[in-house]
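Counting from -11, one number per residue, gives the positions in the sequence shown under our numbering. The block underneath contains the structure these notes are about, expressed in structure tokens.
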Amino acid sequence: LSAVSSTPVPAPKPLLPSPPPTEAARQLDELLADLGHTQSKLAAAGQGAGVPAESLLDDMLGSLTRDLQELGITAAPAGVCAACRKPIAGKVLTALGKTWHPEHFTCTRCGQELDKGPFFEQGGQAFCEEDYHQALFLQKVLTALEQTWHPEHFFCAHCGKVFGDEGFLERSGKPYCHQDFLAMFAPKCQGCERPVLDNYLSALQGIWHTECFVCTECLTGFTGGSFFELEGRPYCELHFHQRQGTICHGCGRPVTGRCVTAAGRKYHPEHFVCTYCLGRLHKGTFRERGDKMYCQPCHDKLFV
């Protein structure tokens, strides 16, 4: 799409022949200026008589030229009209690098005469202002969101980029590119914070990609379907109890039932035993050596 000018280009002022020195020549100039309008009348007359209009006009011009020559006046044409290809003997209009009879310089679309006002050029042709803008607009438009747009004006409401082959997505009557739409409006995964499009699950008051719903500590999936929650994050049983400090110091497994607490550590009751004899210990009847527990007899035997 191109145009020589995006604003109205005024037509050049008509170029008039030099004033003739005689009254006869002045009358001839006025007559020639009206020949365009006379031609239409001749066309109607010629059609009624079966005589071509061009032949009547040529005969008239030839007769006028001979009369002038007899008076000693030579009428030199000012150029050839780009529309009718006839010599221009009266008023001449220059536009688009060509010469025209003023009445022949018309809008390509509607035929309106353009000799007295501005005109627009497109592809070497002249248009009136209304037809120029209509032709320019209709060359390439698109329809979207129940409106009509120039392609260069239909772009993402957020980033301003013109839409490519992937198209657009709509929100509240505004168009968005896929990237911005997903970033702004798609629900986000609680694990990776990327948009969730499909294959998701709901847990802990949020949604997750299935591959992102794993133990926060070891990143292992919950194959059994159950998990433990701590501060809004999912954990497997082992790491949940590690965070809570409820791992048995004797076996290293979570303590979920009865619990014995000694020296700041937790034990399954059956795992709270003497390190040497493996006899069960009772609270208040054991001795600590390093990080190990002993019954009183074993402690005395080994360390006293």
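C-beta atoms are modelled at their ideal positions from N, C-alpha and C, and glycine is treated no differently.
Query: DSSP beta-bridge partners of residue 257; Result: Per DSSP, none; premise fails for residue 257.
Query: First and last residue of the uninterrupted alpha helix (DSSP H) at residue 171; Result: 166 to 173
Query: For residue 148 and residue 140, the rounded distance between their alpha carbons; Result: 10 Å
Query: Residue 97 (DSSP reduced to helix, strand or coil); Result: coil
Query: Opening and closing residue of the beta strand (DSSP E) in which residue 276 lies; Result: 274 to 277
Query: Residue 86: first and last residue of the uninterrupted beta strand (DSSP E) it sits in; Result: 86 to 88
Query: Inter-stretch contact (C-beta, 8 Å, three-pair minimum) for the stretch 78 to 95 and the stretch 104 to 117; Result: yes
Query: Neighbourhood of residue 279 by C-beta, 6 Å cutoff - its chain only, sequence neighbours within 5 removed; Result: none
Query: Check whether residue 173 and residue 159 have beta carbons under 9 Å apart; Result: yes
Query: N-terminal and C-terminal residue of the alpha helix (DSSP H) that residue 135 is part of; Result: Counting along the chain, residue 135 falls outside any alpha helix (DSSP H), though it belongs to the beta strand (DSSP E) covering 135 to 137.
Query: Nearest-angstrom Cα separation, counted from residue 254 out to residue 180; Result: 35 Å
Query: Where residue 9 falls, given that 16 or more other Cβ within 10 Å makes a residue buried; Result: Here residue 9 scores only 42 on pLDDT, less than 50, and its place in the model should not be relied on; the value that follows carries that caveat. Exposed is the call here.
Query: Close beta carbons around residue 184, own chain, < 8 Å, minus the five adjacent residues each side; Result: 174, 175, 176, 177, 195, 196 and 197
Query: Collapsed DSSP secondary structure at residue 300 in the structure displayed; Result: Residue coverage of the chain in this structure runs from -11 to 292, which leaves residue 300 outside it and unanswerable.
Query: Helix, strand or coil at residue 198 [DSSP, three-state]; Result: helix
Query: Residue 295 (DSSP reduced to helix, strand or coil); Result: There is no way to answer for residue 295, as the model of the chain reaches only from -11 to 292.
Query: Length of the line joining the Cα atoms of residue 199 and residue 213; Result: 13 Å
Query: Whole-angstrom C-beta distance between residue 287 and residue 275, which should lie under 8 Å; Result: 4 Å
Query: C-alpha distance - residue 162 paired with residue 209, whole-angstrom precision; Result: 40 Å
Query: Classification of residue 83 by the beta-carbon crowding that lies within 10 angstroms, buried from 16 upward; Result: buried
Query: The beta strand (DSSP E) enclosing residue 113, as first and last residue numbers; Result: 113 to 115
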